[in-house]
């Protein structure tokens, strides 16, 4: 029993056409790359499906996406309570890719320690075969107009994450500093460390398919999978 | 002078018979109920109040058409006779000014809706043959045969309230018990008459006729209560651009009425007007689109702030 496959995607609300308005076409390339990665995850039939992302209220739950808190009245069909945004983006991506209702959402605190995150990941993997959709971005401080303004530490931080995701280096992910990540508004730190814990010892292959910073936030898309699983590369942009 | 009472007609409720709830279809174009449309003014006149002959020459008028289309007008409104009193313009002279222009615009801009601002049935007949899609009867059905021309050529018709005034005359001490009630009854009557004569229901607009047969308070009240016109279900056109009632609100001349025009445009858009006749097309397009975004009739053109 272990982690069978994982996909890392951005938690950017602008991926959602209903929220993007007239810019829906301009960001269509990124949206397609993200959806391609999620489809690849769903192509793996084994393992329970778990979405991981930051949330103020932590723990496993069910629910659906709901954009009314962002100003658009639209809601997922599944019913249940509205999920926190990162998990809601995951829910929406799974809905768009035609995933069934059999899935769980895990909120992790942005303040949780790397040790706690890694431990949580290990426990999840030990409990049974698992597929993870990991929702989280790199820093949000990559330009003057970025949500967190420009921070010179952001680029090296993101570069380290990129390398780790590209080669499946869980140790490097677990070494990310929570304090720095918080200052750089990198929403992916805790979820990536849960992934790192779950992947420990699984011998996963890895591939980074997207690393872009179009609006000051670093968007990363990566796939980790068990090499015995037939490789299905994500579609090119 | 009290405006003569219009023939009493029942006012249709919103949505009855689908009036006003559907698309406006003019020429090859279809404008949805939530899609504000700007009608760009093109005057082939030597003496209109705001442009004062700038686009009188054929070449200048064509350039003006290109400009308003470029700026986002879905309709061009070609006029050959200034609205205010002035030099006599015969039907022949009016036709000489507008018919050729309509033909040229039809060739140059196959998709734009061509409206002609005329009260004369004879001129209407000629411009329809030349390719016009809409007759803007700004003098409120002065020549009843104009609606018959629209029906015969399957073009649209703007039904306007001018308070019963003869074309090219100014209101003098006009009074209304209730100006909005008078406007509603008049324009709905004209619209229903047009449909009865065979004008397509989805090609009929109503226009309260700001400044026409009205003092400035009348026009301001019509603006304030425009929702009552919208509630008739007929698509509402407003012609506000640079008009005297806006000038009198601030004591400003025509050159300084842009802000007033856009303010009145915003209020009208908010209350549900669908077509906006304008000199300042680009500014009017932006105003109407912003109001549509505020009311939620239109989505953002760009949705990234706070969502990256």
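Chains as they are written, first to last, in the working numbering: chain A, 1 to 237; chain B, 238 to 545.
All residues carry an ideal CB built from backbone N, CA and C; glycine is no exception.
Remember, predicted model here, so these are calculated numbers, not experimental data.
Between the stretch 413-430 of chain B and the stretch 335-346 of chain B there are fewer than three C-beta pairs closer than 8 Å, too few to call the two in contact. For residue 507/B, the enclosing alpha helix (DSSP H) covers residues 495-508. Taking a cut-off of 8 Å on C-beta distances, the stretch 300-309 of chain B does not touch the stretch 531-539 of chain B, as fewer than three cross pairs fall below it.
In this structure the stretch 161-177 of chain A does not lie against the stretch 26-42 of chain A, because fewer than three pairs of beta carbons, one per stretch, are closer than 8 Å.
Look at residue 133/A here: in three-state DSSP terms it is strand. Residues of the stretch 265-292 of chain B with a C-beta atom less than 8 Å from some C-beta of chain A do not occur. In terms of Cα proximity to residue 32/A, the closest of 152/A, 15/A and 4/A is 15/A. DSSP, reduced to helix, strand and coil, places residue 313/B within a strand of the structure shown. Its chain contains 138, 139 and 218 as the residues whose beta carbon lies nearer than 6 Å to that of residue 158/A, once the 5 sequence neighbours on both sides are disregarded; these appear in chain order. Here the stretch 389-409 of chain B lies against the stretch 366-379 of chain B, with 3 or more beta-carbon pairs under 8 Å apart. In the three-state DSSP reduction, residue 169/A falls in the coil class, being neither helix nor strand. Listed along chain B are 545, each with a C-beta nearer than 9 Å to that of residue 217/A.
Close partners of residue 536/B in chain A (Cβ separation under 7 Å): 21 and 22. In the displayed model, residue 378/B falls within coil according to three-state DSSP, outside both helix and strand. Taking residue 474/B as reference, the option from 525/B, 384/B and 408/B with the minimal CA-CA separation is 525/B. Under the three-state reduction of DSSP output, residue 209/A falls in the strand class. Measuring C-alpha to C-alpha distances from residue 87/A to each of 20/A, 118/A, 67/A and 55/A identifies 55/A as the nearest. Contacts with chain A at 8 Å (Cβ-Cβ) include residue 539/B.
Among the CB atoms of chain B, none fall inside 8 Å of the CB of residue 30/A. For residue 214/A, the closest of 27/A, 7/A and 20/A by C-alpha to C-alpha distance is 27/A. Contact with chain B is found for residue 147/A, since one of that chain's Cβ atoms lies less than 8 Å from the residue's Cβ. For the options 216/A, 207/A and 187/A, the alpha carbon positioned closest to that of residue 225/A is the one of 207/A. The residue among 517/B, 543/B and 535/B with its C-alpha nearest the C-alpha of residue 288/B is 517/B.
Legend: CB atoms of the stretch 69-95 of chain A lying less than 8 Å from CB atoms of chain B belong to residues 70.
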